[in-house]
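The structure appears below as structure tokens.
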Amino acid sequence: MQLSSRMRTLVQAHLVDTEPYDPMFSPTRINLSANENTYGLPDAARTAIDEALAEAVLNRYPDAMANPLRDELASWLGVDREQICVGNGGDEGIFNFLFAFGGAGRTLVTCPPDFSEYAQFAGLTQTAVKQVFRDPDTMLPDADALVAAVATADLAIFTSPNNPTGDLMPLDLIERLCDACPGLVMIDEAYMEFAEPGASALALLPRHDNLVVLRTFSKAFAEAGVRCGYVVAAPDIIDVYAAVRQIYSVSCLTQAAALAALEHRADFEPVIARIKQERARLHEGISALVAGLPAPARTWPSSGNFILARLPQASRIRTRLRDEYSILVRDFSYAPGLDGCLRITVGTPEENDEVLAALAALIEEETR
Ligand code: PMP
Numbered sequence: 001m002q003l004s005s006r007m008r009t010l011v012q013a014h015l016v017d018t019e020p021y022d023p024m025f026s027p028t029r030i031n032l033s034a035n036e037n038t039y040g041l042p043d044a045a046r047t048a049i050d051e052a053l054a055e056a057v058l059n060r061y062p063d064a065m066a067n068p069l070r071d072e073l074a075s076w077l078g079v080d081r082e083q084i085c086v087g088n089g090g091d092e093g094i095f096n097f098l099f100a101f102g103g104a105g106r107t108l109v110t111c112p113p114d115f116s117e118y119a120q121f122a123g124l125t126q127t128a129v130k131q132v133f134r135d136p137d138t139m140l141p142d143a144d145a146l147v148a149a150v151a152t153a154d155l156a157i158f159t160s161p162n163n164p165t166g167d168l169m170p171l172d173l174i175e176r177l178c179d180a181c182p183g184l185v186m187i188d189e190a191y192m193e194f195a196e197p198g199a200s201a202l203a204l205l206p207r208h209d210n211l212v213v214l215r216t217f218s219k220a221f222a223e224a225g226v227r228c229g230y231v232v233a234a235p236d237i238i239d240v241y242a243a244v245r246q247i248y249s250v251s252c253l254t255q256a257a258a259l260a261a262l263e264h265r266a267d268f269e270p271v272i273a274r275i276k277q278e279r280a281r282l283h284e285g286i287s288a289l290v291a292g293l294p295a296p297a298r299t300w301p302s303s304g305n306f307i308l309a310r311l312p313q314a315s316r317i318r319t320r321l322r323d324e325y326s327i328l329v330r331d332f333s334y335a336p337g338l339d340g341c342l343r344i345t346v347g348t349p350e351e352n353d354e355v356l357a358a359l360a361a362l363i364e365e366e367t368r
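In the working numbering, the protein residues as written are 1 to 368.
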């Protein structure tokens, strides 16, 4: 997208070539492209949310810091309210991290392939980015290179489980990174509820006061449309978040919907367990499809609600899935480090059956 010549003179110089984030959405029967929870809300949670929304007071400003929600999160996570800041989606927590702690003359370390928003927001805030690429085959980070990079950087963001590669960042590596970095280290745990217990960096907060953990209601809690996320960190970091945020960014409707879902968190456990079972089935299914193909076709184990697969003719397969089967998956084949890769969200059993059958037919046709 090219800005008009008028806008190119009016907009700040560093924003002239900024591209809007493109979710590459097109309407389809089965959408497995955005790592949403395709099971939807459990009935009891949905009812509680509807009741809470019906009672929401709309003519008054919302609680600026979302204190009832903070209190419920604090008791769930075993931290203090003062360690939490709620935002309009996890996106806000990432943006404000860069807005407050990045900026001109500062450097952010990332570990791509990762969530493209980090680089996007770094650009908006004039933060330089130092990328330490993952191994192109295993997709795992180079631990020593990361530690060396953060030692001379101002801040860092790593994703665990990583979108789109699915791996967890080991806790001992997170500790090394926190020790090495003179600034703040964010661990983006948007998908952590889908991982095995014990993987969250929240456990490290008492030992590392430069650690920031990001979470969201968009994935496991099936509320991507609600726009609610939060950061957990030392209280003085939260003071900075409170100071820079847009005061009423989290509407009373968002607060009510997130709180009601959280109060019903037990109802999400069977859904999450089901998604994990289906993740294993989808991974096995796709692994079997690529098993007979020449390298570099492969798939990777995932701790998130998605599977990354490297396929021959990936872009064509993604287009044919969309146009001939009305199934949408995410094409990353153009992205650095992700040659030939598609990312497929774990769907319902029926959705996964359909995507496996369609992939089997398309891979067969495209490699004949
Ligand atoms: N982090 C990661 C790794 C993500 O994949 C996403 C959503 N795609 C987010 C953060 C932001 O999610 P939200 O703004 O919906 O909370």
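Backbone N, C-alpha and C fix where the C-beta goes; we use that ideal spot for every residue, glycine too.
Check: residue i C-beta below 6 angstroms from any heavy atom of the ligand PMP
i, result
"S218", "yes"
"F115", "yes"
"G90", "yes"
"T159", "yes"
"L352", "It is Asn, not Leu, that sits at residue 352 in the sequence shown. Flag unset: Cβ of N352 not near the ligand PMP."
"G40", "no"
"A369", "Shown here, the chain extends from 1 to 368; a query on residue 369 therefore has no answer."
"N163", "yes"
C-beta contact flag for residue i and residue j at 7 angstroms
i, j, result
"T271", "Y39", "The identity of residue 271 in the sequence shown is Val, whereas the question assumes Thr. Against a cut-off of 7 angstroms, the Cβ pair of Y39 and V271 comes out as a contact."
"A156", "N37", "no"
"A195", "L168", "yes"
"R106", "T138", "no"
"R298", "N96", "no"
"S218", "E189", "no"
"R227", "G90", "no"
Cα-Cα separation, residue i to residue j
i, j, result
"Y229", "V250", "Tyr is not the amino acid found at residue 229; the sequence shown has Gly there. If you take the alpha carbons of G229 and V250, they lie about 9 angstroms apart."
"T165", "T125", "26 angstroms"
"A180", "A358", "47 angstroms"
"L184", "L289", "42 angstroms"
"R318", "P62", "43 angstroms"
"R320", "P182", "48 angstroms"
"G87", "D331", "29 angstroms"
"R274", "V346", "10 angstroms"
"D353", "A360", "11 angstroms"
"L173", "A143", "7 angstroms"
Limits of the unbroken beta strand (DSSP E) element including residue i
i, result
"A234", "A234 -> no beta strand (DSSP E), and no H or E assigned at all."
"I247", "That residue, I247, is in no beta strand (DSSP E); it is neither H nor E in DSSP."
"G377", "As displayed, the chain neither begins before 1 nor continues past 368, which places residue 377 out of reach and without an answer."
"A13", "Counting along the chain, A13 falls outside any beta strand (DSSP E), and DSSP gives it neither H nor E."
"T107", "107-110"
Element boundaries [alpha helix (DSSP H), containing residue i]
i, result
"R281", "265-291"
"R6", "5-10"
"R316", "314-325"
"D371", "Here the chain comprises residues numbered 1 to 368, so residue 371 is not present and cannot be evaluated."
Beta carbon proximity, residue i to chain C, threshold 7 angstroms
i, result
"D339", "Among the chains of the structure shown, chain C does not appear; only one protein chain is present."
Does the count of Cβ pairs from the stretch 64-82 and the stretch 252-263 closer than 8 angstroms reach three? Judged by Cβ distances under 8 angstroms, the stretch 64-82 makes contact with the stretch 252-263, as three or more pairs qualify.
Pair every Cβ in the stretch 6-26 with every Cβ in the stretch 200-215, then say whether three or more of these pairs are closer than 8 angstroms. Taking 8 angstroms as the limit for Cβ pairs, the verdict is that the stretch 200-215 does not touch the stretch 6-26.
I want to know whether the stretch 237-244 touches the stretch 106-114 - three or more CB-CB distances under 8 angstroms. Contact fails: fewer than three Cβ-Cβ distances are below 8 angstroms.
Please confirm if the stretch 295-315 is in contact with the stretch 339-346, defined as three or more CB-CB distances below 8 angstroms between the two stretches. The stretch 295-315 vs the stretch 339-346: in contact.
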